[in-house]
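Only one structure is covered here, and it is reproduced in the block below.
There are 2 protein chains.
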Amino acid sequence: MAKQVVPESARRRRRPTQQGTVLSERLIVHTALRVLREHGSTGLTARRLGTALGADPSTLYRYFAGMDDLTRAIGEELMGQALDSWSATGEWRADLRALGLAIHSSYLAHPQAAALTASRVTGRPREIAVDETILGILRTAGFPDAAAVRLYHAFIDLSLAFAALDAGALALTEEARATDEEMWTSTYARLPAESYPHIAATARLLAARMPHSAYPVVLDTLLDDAAARLASARRG
Amino acid sequence: MAKQVVPESARRRRRPTQQGTVLSERLIVHTALRVLREHGSTGLTARRLGTALGADPSTLYRYFAGMDDLTRAIGEELMGQALDSWSATGEWRADLRALGLAIHSSYLAHPQAAALTASRVTGRPREIAVDETILGILRTAGFPDAAAVRLYHAFIDLSLAFAALDAGALALTEEARATDEEMWTSTYARLPAESYPHIAATARLLAARMPHSAYPVVLDTLLDDAAARLASARRG
DNA sequence: CGGTAGAGTCAACGGCGTTGGCATAAGAGT
DNA sequence: ACTCTTATGCCAACGCCGTTGACTCTACCG
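Heads up: the sequence lines are chains E and B, in that order. One point on numbering: in the numbering used here, the residue at position 45 of the first sequence is 45, and numbering is uninterrupted. With positions in the second sequence counted from 1, the corresponding number in the numbering used here is that position plus 1000.
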């Protein structure tokens, strides 16, 4: 078997598999995304991916060091899609907000994949590009370096943490997800008011709000705070 | 085998295993936490847990419907420990802050377990108790129901999302974690200033800040915002 | 138009969650 | 104190899983 994985750029011969497909990192990652969507976040297995590709499972080890390596490549793909779907306007607050939402929705577009990768930090190219972009927006907007780094840290971790949390909820099977959402109208809405007065009093509001993500609310709070600090620093 | 799991309260006979241990849900959950700590977040297996308990793996199915059910019980235990370590003072902002930090640090105290459970919502008793507590603090502080629910939602999801994110980082093996932290002094600090001017300019600040959690900063931002809204509503 | 080594295949290993059938001893009822 | 019932733990087995080493074949280099 492969002593070490051949980097994609150095790959020369493209021998088709028995079933005729010609493999590539790109094809494998995209097929993995499809398998994840169809079989859930725990449904990506070497055998299944091999079958989906029309190749022997062990062939994957010619392209990735193991399933863990493949997982990181999937995460990098999600981050890349977020960056591609975003464009700068020059208005720092709007740009940051849009970038955060782009990252969030890129992950939510592949919830099963996101649940697998969102808490991994890889240091791969597209991830670094996102970091450079965020820091650039903040420093160009006039934040001093210390404030920019502090805000960058809060921004990126907040976005990734919510991407993981919300993706985890979406990645459940359809029935499990429905059960979870209904929990606010079934379990929580029926708790006795004597023991749980506050939940009982707000049950209707909870059922309306909890199925949505809190990310936009928290993100806006963070950006409002940053804008206020920037304005007051300019005045003072 | 067990058609269905016998609830812990209805359990009568406590027959010791061949190796002499007397099982219980509590013992199993606590042993599972130990196994997770020793073998990592993917190291909890039915066979290993059975060995650690001195019991056959299949015996676990007398207590839990499957490994997934056990996982939820572990999450419930973490939430319970958070609630136990917290006490109210009556000052809403301080109480909320302390509760958030209690949840966060309860999860981080068992990072391998947290990585497994933080994004699950179970609707079990201790979890409901936490929800009731938070809503109680907010409504007693004078927030109208709509604002209380909005803030509750942001608060709990923020806390769980960061618990999961930060636990994920801590749950890596010691060497992998060290490698990740050093990435800010190795990879990021050495990126060429021509291609990555903003990262290069702030490399030292990044290396100092990134290994810590952004949770307290974001939590305080959220609570500051809430306090300001409450004060202005009182004035208006 | 060979020779070579890289890409795909095959078979196997040990470990996983889970199940059905079975032995046995704890506790209820007398 | 004795029996009876059945909850509880054990065993063996099933079909998955990731991964590996030895292999075959074929695309490309010269």
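Just so you know, even glycine gets a beta-carbon here, dropped at the ideal spot from N, CA and C.
Compare the C-beta of residue i with all C-beta atoms of chain B and state if any pair is closer than 8 Å.
{"i": "A146/E", "result": "yes"}
{"i": "G100/E", "result": "no"}
{"i": "M67/E", "result": "no"}
{"i": "L47/E", "result": "A small fix is needed here, since residue 47/E is Arg in this sequence, not Leu. R47/E does not count as touching chain B."}
{"i": "S119/E", "result": "yes"}
{"i": "L205/E", "result": "yes"}
{"i": "H153/E", "result": "yes"}
{"i": "L60/E", "result": "no"}
{"i": "Y196/E", "result": "yes"}
{"i": "T89/E", "result": "no"}
{"i": "T51/E", "result": "no"}
{"i": "V217/E", "result": "yes"}
{"i": "A233/E", "result": "no"}
{"i": "F143/E", "result": "no"}
{"i": "R177/E", "result": "no"}
Hey, could you find the ends of the alpha helix (DSSP H) residue i is sitting in?
{"i": "R1190/B", "result": "Where R1190/B is concerned, there is no enclosing alpha helix (DSSP H), given that its DSSP letter is neither H nor E."}
{"i": "H1153/B", "result": "1145-1170"}
{"i": "V1022/B", "result": "Here V1022/B belongs to no alpha helix (DSSP H), and DSSP marks it neither H nor E."}
{"i": "G262/E", "result": "Nothing about residue 262/E can be reported from this structure: the residues present for chain E run from 1 to 236 only."}
{"i": "V1217/B", "result": "1215-1235"}
{"i": "H212/E", "result": "No alpha helix (DSSP H) contains H212/E, which DSSP labels as neither H nor E."}
{"i": "P7/E", "result": "That residue, P7/E, is in no alpha helix (DSSP H); it is neither H nor E in DSSP."}
{"i": "A118/E", "result": "Looking at the DSSP string, A118/E is not in any alpha helix (DSSP H), and its letter there is neither H nor E."}
Could you check if residue i is buried or exposed, using at least 16 other CB atoms within 10 Å of its CB as the buried criterion?
{"i": "R969/B", "result": "In the structure displayed, chain B extends from 1001 to 1236; residue 969/B sits before or after that span and is not available."}
{"i": "G236/E", "result": "exposed"}
{"i": "P1111/B", "result": "buried"}
{"i": "T1187/B", "result": "exposed"}
{"i": "H1153/B", "result": "buried"}
{"i": "R1062/B", "result": "exposed"}
{"i": "T1202/B", "result": "buried"}
{"i": "S106/E", "result": "buried"}
{"i": "E1194/B", "result": "exposed"}
{"i": "L27/E", "result": "exposed"}
{"i": "S259/E", "result": "Residue 259/E is absent from the model: chain E starts at 1 and stops at 236."}
{"i": "A227/E", "result": "exposed"}
{"i": "S1024/B", "result": "exposed"}
{"i": "G1136/B", "result": "buried"}
{"i": "S1232/B", "result": "exposed"}
{"i": "D1157/B", "result": "buried"}
{"i": "K3/E", "result": "Residue placement at K3/E is poorly supported in this model, since its pLDDT is 49, which falls under 50; the coordinates still yield a value, given next. With fewer than 16 Cβ atoms within 10 Å of its Cβ, K3/E is classed as exposed."}
{"i": "R234/E", "result": "exposed"}
{"i": "G142/E", "result": "exposed"}
{"i": "A1229/B", "result": "Residue identity check: residue 1229/B is Arg in the sequence provided, not Ala. Classification for R1229/B: exposed."}
{"i": "G66/E", "result": "exposed"}
When the cut-off is 8 Å and only beta carbons count, does residue i lie next to chain E?
{"i": "D1095/B", "result": "no"}
{"i": "T1187/B", "result": "yes"}
{"i": "D1056/B", "result": "no"}
{"i": "T1063/B", "result": "Correcting the residue type first, residue 1063/B is Tyr in the shown sequence and not Thr. Not closer than 8 Å to any Cβ of chain E, the Cβ of Y1063/B fails to qualify, so no."}
{"i": "T1071/B", "result": "no"}
{"i": "T1042/B", "result": "no"}
{"i": "T1221/B", "result": "yes"}
{"i": "I1028/B", "result": "no"}
{"i": "R1209/B", "result": "yes"}
{"i": "L1158/B", "result": "yes"}
{"i": "V1130/B", "result": "no"}
{"i": "T1135/B", "result": "The sequence given here places Leu at residue 1135/B; Thr does not occur at that position. Judged by the 8 Å Cβ criterion, L1135/B is in contact with chain E."}
{"i": "D1225/B", "result": "yes"}
{"i": "G1236/B", "result": "no"}
Inset, instruction - Check whether the segment 1196-1207 of chain B touches the segment 1139-1153 of chain B, counting contact only when three or more Cβ pairs, one atom from each stretch, lie closer than 8 Å. - result: no
Inset, instruction - Specify whether the segment 1046-1066 of chain B and the segment 1094-1107 of chain B touch according to this definition: at least 3 beta carbon pairs, one from each stretch, less than 8 Å apart. - result: no
Inset, instruction - Scan the segment 45-115 of chain E and note each continuous alpha helix (DSSP H) run of 4 residues or more that stays entirely inside, going in chain order. - result: 46-53, 67-84, 92-108
Inset, instruction - Report yes or no: do three or more beta-carbon pairs, one from the segment 1112-1132 of chain B and one from the segment 1039-1050 of chain B, lie closer than 8 Å? - result: yes
Inset, instruction - Would you check if the segment 80-99 of chain E and the segment 25-37 of chain E touch, i.e. whether three or more CB-CB distances between them fall below 8 Å? - result: no
Legend entry - Validate contact between the segment 1017-1034 of chain B and the segment 208-228 of chain E using beta carbons, cut 8 Å, 3 pairs: no
Legend entry - the segment 1116-1124 of chain B / the segment 1069-1077 of chain B touching (three or more Cβ pairs under 8 Å): yes
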